[in-house]
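Asker:
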Amino acid sequence: MSTRRPLRIALPKGRMMDETLALFERVGTTIDPDVRDSRRLILPSTDGRFEFLPVKSIDVPVYVEEGVADAGVVGLDVLLERDADVLRPLDLRFGPCGLAVAAPVDAPYPFLPGGQTPRVATKYVESARRFFAGKGMQVELIHISGSVEIAPLLGLSHWIVDLVQTGRTLAENGLVVVDEVGRSTARLIVNRASHKLRLEEHQRLIASLAGALEASAATGAVS
Amino acid sequence: MPTTKIATVPPGSQDLVAGDVRRRRRVQHAWFDLAERGGYQEVIPPTFEYEEVFTRGAGPGLAARLIRFVDRDGRLVALRADFTSAIARLVGSRLAGAEMPLRLCYAGKVYRQEPEGGGRRRELFQLGAELIGDGGAEADVEVLRLAIRVLKALRIPDFQLNLGDIGFIRPLLAGLDPDGADALRVAIDRKDRAALADGARTLGAPAAVARALVELPELIGRGEVLNRARSLASSPDAEEAIERLKAIDGMLTAEEREHVVYDLGEIRGLGYYTGIQFEVFVAGVGRAVGFGGRYDGLLGLYGAERPAVGFALQTDDLAELLPEADA
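Listed in order, the protein sequences are those of chains B and W. When we follow the working numbering, the leftmost residue of the first sequence carries the number 28, and every step to the right adds one. When we follow the working numbering, the leftmost residue of the second sequence carries the number -14, and every step to the right adds one.
#1: To the nearest angstrom, how far is the alpha carbon of W:A268 from that of W:E243?
#2: Are the CB atoms of B:P135 and B:L106 within a distance shorter than 8 angstroms?
#3: Closer than 7 angstroms by beta-carbon distance: list the chain B residues that pair up with W:R178, in chain order.
#4: Starting from the beta carbon of B:L226, find every residue of chain W whose beta carbon is closer than 7 angstroms, and list them in chain order.
#5: Are the beta-carbon atoms of B:D189 and B:V166 separated by less than 8 angstroms?
#6: Mind reading off the beta-carbon distance from B:L197 to B:V204? Whole number of angstroms is fine, and I expect it under 8 angstroms.
#7: Within the continuous beta strand (DSSP E) that includes W:A114, where are the two ends?
#8: To the nearest angstrom, how far is the alpha carbon of B:P81 from that of B:V152?
#9: Checking contacts by CB at 8 angstroms: is B:L34 closer than that to chain W?
#10: Give the DSSP bridge partners of B:P71, in chain order.
#11: Could you tell me whether the Cβ of B:E93 comes closer than 8 angstroms to any Cβ of chain W?
#12: Does the beta carbon of W:A268 come closer than 8 angstroms to any beta carbon on chain B?
#13: Quick one: grab the DSSP three-state call for W:P308.
#14: Answer yes or no: does any C-beta atom of chain W fall closer than 8 angstroms to that of B:A253?
#15: Quick check: the Cα distance between W:R7 and W:E305, rounded to an integer number of angstroms?
#16: Can you pull the chain B residues whose beta carbon is under 9 angstroms from the beta carbon of W:R272, in chain order?
#17: Can you tell me whether B:A96 is helix, strand or coil according to DSSP?
#18: Taking 8 angstroms as the threshold (beta carbon to beta carbon), is B:K162 in contact with chain W?
#19: Quick check: W:A293 and W:L283, are their CB atoms within less than 8 angstroms of each other?
#20: If you check the beta carbons only, do W:G77 and W:G256 fall under 8 angstroms apart?
#21: Quick one: list the residues of chain W neighbouring B:K83, beta-carbon separation under 8 angstroms, in chain order.
#22: Decide if B:L68 is buried, meaning its Cβ has at least 16 other Cβ atoms within 10 Å, or exposed.
#23: Closer than 8 angstroms, Cβ to Cβ, to anything on chain B: give me those residues from the stretch 106 to 136 of chain W, in chain order.
#24: Distance check for B:R231 and W:R229, CA to CA, integer angstroms please.
#25: In the stretch 189 to 253 of chain W, which residue ranges form an unbroken beta strand (DSSP E) of at least 3 residues, counting only runs that do not cross its ends?
#26: Taking Cβ positions, are B:R195 and B:P123 nearer each other than 8 angstroms?
#27: Compare the C-beta of B:S29 with all C-beta atoms of chain W and state if any pair is closer than 8 angstroms.
#28: At what residue ranges does the stretch 13 to 52 of chain W contain a whole run of the alpha helix (DSSP H), taking only runs of 4 or more?
#29: Report the CB separation of B:A155 from B:I171 in whole angstroms; it is logged as a contact under 8 angstroms.
#30: Going along chain B in order, which residues have a C-beta closer than 7 angstroms to the C-beta of W:N212?
#31: Out of curiosity, what's the CA-to-CA distance linking W:L169 and W:G184?
#32: Is it right to say B:E227 is buried, meaning 16 or more other beta carbons lie within 10 angstroms of its own, or is it exposed?
#33: What residues of chain W sit near B:K150, judged by a beta carbon separation below 8 angstroms?
#34: Does W:Q(-1) have its Cβ less than 8 angstroms from a Cβ in chain B?
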């Protein structure tokens, strides 16, 4: 059973991918820079143990749940939005952000005058639904796929639910955070069947990444 | 001439023709051939039943996925979502007086709702068996052996059965407040070691329980893992579960043992299984192609207090795995 392909790891394109590859470098796995800069769909590691599959972050759980990738790295925010039946053995601690409710400065929250039903624009419909249901608040959710922060300006919604890293984008659009939905960091996720069938490889990967995270926590290094 | 186009089939359903049919028939023939030689009689439960048949035993996961409709008299009816529930109902009613142990087998479709856009079928072929009225380890072995035999008969390459016993995990969650137990269940299911350690700490679990909880994700391996599990057993029930698995291991042949991996960290069957539980995995397939175990509490829900052990395999997955020459 050792002749199979390398463990395939789905990564979200962008900053989280850079941080993941930096973490893998600390445990001795690198990608040839030429390969990295190429437009190849699958990037093999030089040690032959892994191949990395860069995809859109919201799609990472799909690839892993279906077993097309053996493992993946994705933000908890995405996992909560697209609840996938996968193992979640490790919090990788990077990529921190918060999902929050934001409203125009001075706008009323959590009640609108006259008992009006609030309209909330978001990319994160599932997370928002769970959050407001948990608070017993009745809202109308509007699913949009980008530039959420201009929805209140344009009169599409009263509030938004969106990711907040620094709050700068919000401020530029005259919005402030009025409630916290949840905090998120990157997670390692693993396909259930692959974990059973390639147990030792997965255990080795999880242990080495956990070790690297602990080492950097101990020295106070910022990953 | 009418030119209206006939609609295609609904998402999640499909026509099967040619090789797709032949491969499924071949799987079913091999199955019934083996099962009947083992003394298992085929049953064909109805395609639709009163929905309570499925909500009673199968738990909220399946209950949320029933395909339901309202019958002429206003009662709710559901398409068969699970053979085991239907067979439990049958054993509790028409077969209530049958001589035990009862060996039953089946092959056919189950129907389940799936979210749109997930690419999942809403009708699946399954095959399987139930051995009812025998609570012994020999019965566990008979069922495991039957599952291994059919996979071998079909020449499925590289398959493995991950075998555990829910009796090992159940005591670890006993006596916890419901919210705490829930959080731990999720952490066990996701093999989230940090959350397990946190959970054990915040819930004030005794040291032995905390140690077993954190080790759970690693309690996977060949026979030697049973010894490790034995040393972690936190209660007489847990010890009994390990002794049972050791007894089973002792009854398996060397050839059968090659396909068995002991896996004590799996919690998916909690609330359904009462003893052994297993899942079947095949190299290259991203999800389990079969599952089974002992469910001594289930038949009682249908009025027949009987021990039972059984399994089901995903016929479609097996059909797609058949070697080319067999198709």
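All residues carry an ideal CB built from backbone N, CA and C; glycine is no exception.
Answerer: Result, derived from the coordinates:
#1: Position 283 of the second sequence, counted from the start, is the residue given in the question as residue 268 of chain W. Position 258 of the second sequence, counted from the start, is the residue given in the question as residue 243 of chain W. Straight through space, the alpha carbons of W:E243 and W:A268 are spaced by roughly 15 angstroms.
#2: As a first step, residue 106 of chain B is located in the first sequence; it is residue number 79 there, counting from the start. As a first step, residue 135 of chain B is located in the first sequence; it is residue number 108 there, counting from the start. No; because the gap between Cβ atoms is not below 8 angstroms, this pair is not in contact.
#3: Against the second sequence, residue 178 of chain W aligns to sequence position 193. In chain order: P116.
#4: Walking along the first sequence from the start, residue 226 of chain B turns up at place 199. Chain W residues near B:L226: I205.
#5: As a position in the first sequence, residue 189 of chain B is number 162, starting the count at 1. As a position in the first sequence, residue 166 of chain B is number 139, starting the count at 1. No.
#6: Position 170 of the first sequence, counted from the start, is the residue given in the question as residue 197 of chain B. Position 177 of the first sequence, counted from the start, is the residue given in the question as residue 204 of chain B. The C-beta distance from B:L197 to B:V204 rounds to 7 angstroms, short enough to fall under 8 angstroms.
#7: Numbered from its first residue, the second sequence carries residue 114 of chain W at position 129. Taken as a continuous stretch (DSSP letters only), the beta strand (DSSP E) holding W:A114 covers 108 to 117.
#8: Here the question's residue 81 of chain B lines up with position 54 in the first sequence. Here the question's residue 152 of chain B lines up with position 125 in the first sequence. The straight-line gap separating the alpha-carbon atoms of B:P81 and B:V152 is approximately 24 angstroms.
#9: By one-based count along the first sequence, residue 34 of chain B stands at place 7. No, no contact with chain W.
#10: Here residue 71 of chain B refers to the residue found at position 44 when the first sequence is read from its first residue. Listed as beta-bridge partners of B:P71 by DSSP are B:E78.
#11: The count along the first sequence starts at 1 and reaches residue 93 of chain B at position 66. At least one CB of chain W lies nearer than 8 angstroms to the CB of B:E93.
#12: What you label residue 268 of chain W is simply residue 283 of the second sequence in a count that begins at 1. Interface residue, yes.
#13: For this step, residue 308 of chain W is matched to residue 323 along the second sequence. Correct three-state label for W:P308: coil.
#14: The first residue shown for chain B is 28 and the last is 250, placing residue 253 of chain B beyond what the model contains.
#15: By 1-based counting over the second sequence, the position of residue 7 of chain W is 22. By 1-based counting over the second sequence, the position of residue 305 of chain W is 320. Rounded to the nearest angstrom, the two C-alpha atoms are 11 angstroms apart.
#16: Position 287 of the second sequence, counted from the start, is the residue given in the question as residue 272 of chain W. Result: E92, E93, G94, D112, N218, R219, A220.
#17: By one-based count along the first sequence, residue 96 of chain B stands at place 69. In the displayed model, B:A96 falls within coil according to three-state DSSP, outside both helix and strand.
#18: Counting from one through the first sequence, the residue named residue 162 of chain B turns up at place 135. No - not a single Cβ of chain W is within 8 angstroms of the one on B:K162.
#19: Position 308 of the second sequence holds residue 293 of chain W. Position 298 of the second sequence holds residue 283 of chain W. Result yes, Cβ atoms of W:A293 and W:L283 sit closer than 8 angstroms.
#20: As a position in the second sequence, residue 77 of chain W is number 92, starting the count at 1. As a position in the second sequence, residue 256 of chain W is number 271, starting the count at 1. In this structure, W:G256 does not lie closer than 8 angstroms to W:G77 by Cβ.
#21: Stepping through the first sequence from its first residue, residue 83 of chain B is reached at position 56. Going along chain W, no residue has its Cβ under 8 angstroms from B:K83, so there is no contact; the nearest lies around 15 angstroms.
#22: Counting from 1 along the first sequence, the entry for residue 68 of chain B is found at position 41. With fewer than 16 other Cβ atoms inside 10 Å of its own Cβ, B:L68 counts as exposed.
#23: Here the close residues number zero.
#24: The sequence position of residue 229 of chain W within the second sequence is 244, counting from 1. The sequence position of residue 231 of chain B within the first sequence is 204, counting from 1. When rounded, the distance between both Cα atoms is 30 angstroms.
#25: Every unbroken stretch of the beta strand (DSSP E) spanning 3 or more residues and falling wholly within the stretch 189 to 253 of chain W is given here in chain order: 245 to 248.
#26: Here residue 195 of chain B refers to the residue found at position 168 when the first sequence is read from its first residue. Here residue 123 of chain B refers to the residue found at position 96 when the first sequence is read from its first residue. Contact: no.
#27: Taking the first residue of the first sequence as 1, we reach residue 29 of chain B at position 2. Note on B:S29: pLDDT 42, under 50, position unreliable in the model; the coordinate value appears next. It does not; no Cβ of chain W falls within 8 angstroms.
#28: Entirely contained in the stretch 13 to 52 of chain W, the alpha helix (DSSP H) runs reaching 4 residues are, in chain order, 37 to 48.
#29: To locate residue 155 of chain B, count along the first sequence from 1; it is residue 128. To locate residue 171 of chain B, count along the first sequence from 1; it is residue 144. In fact, because the Cβ distance is near 12 angstroms, the residues do not count as touching under 8 angstroms.
#30: Numbered from its first residue, the second sequence carries residue 212 of chain W at position 227. Within 7 angstroms Cβ-Cβ: nothing; W:N212 doesn't reach chain B, min ~18 angstroms.
#31: Within the second sequence, the letter at position 184 stands for residue 169 of chain W. Within the second sequence, the letter at position 199 stands for residue 184 of chain W. The alpha-carbon atoms of W:L169 and W:G184 are separated by roughly 6 angstroms.
#32: The count along the first sequence starts at 1 and reaches residue 227 of chain B at position 200. Result: exposed.
#33: Against the first sequence, residue 150 of chain B aligns to sequence position 123. When 8 angstroms is used as the limit between beta carbons, B:K150 is near no residue of chain W, the shortest such separation being about 16 angstroms.
#34: In the second sequence, the residue the question calls residue -1 of chain W occupies position 14. Taking Cβ atoms only, chain B never reaches closer than 8 angstroms to W:Q(-1), which makes this a no.
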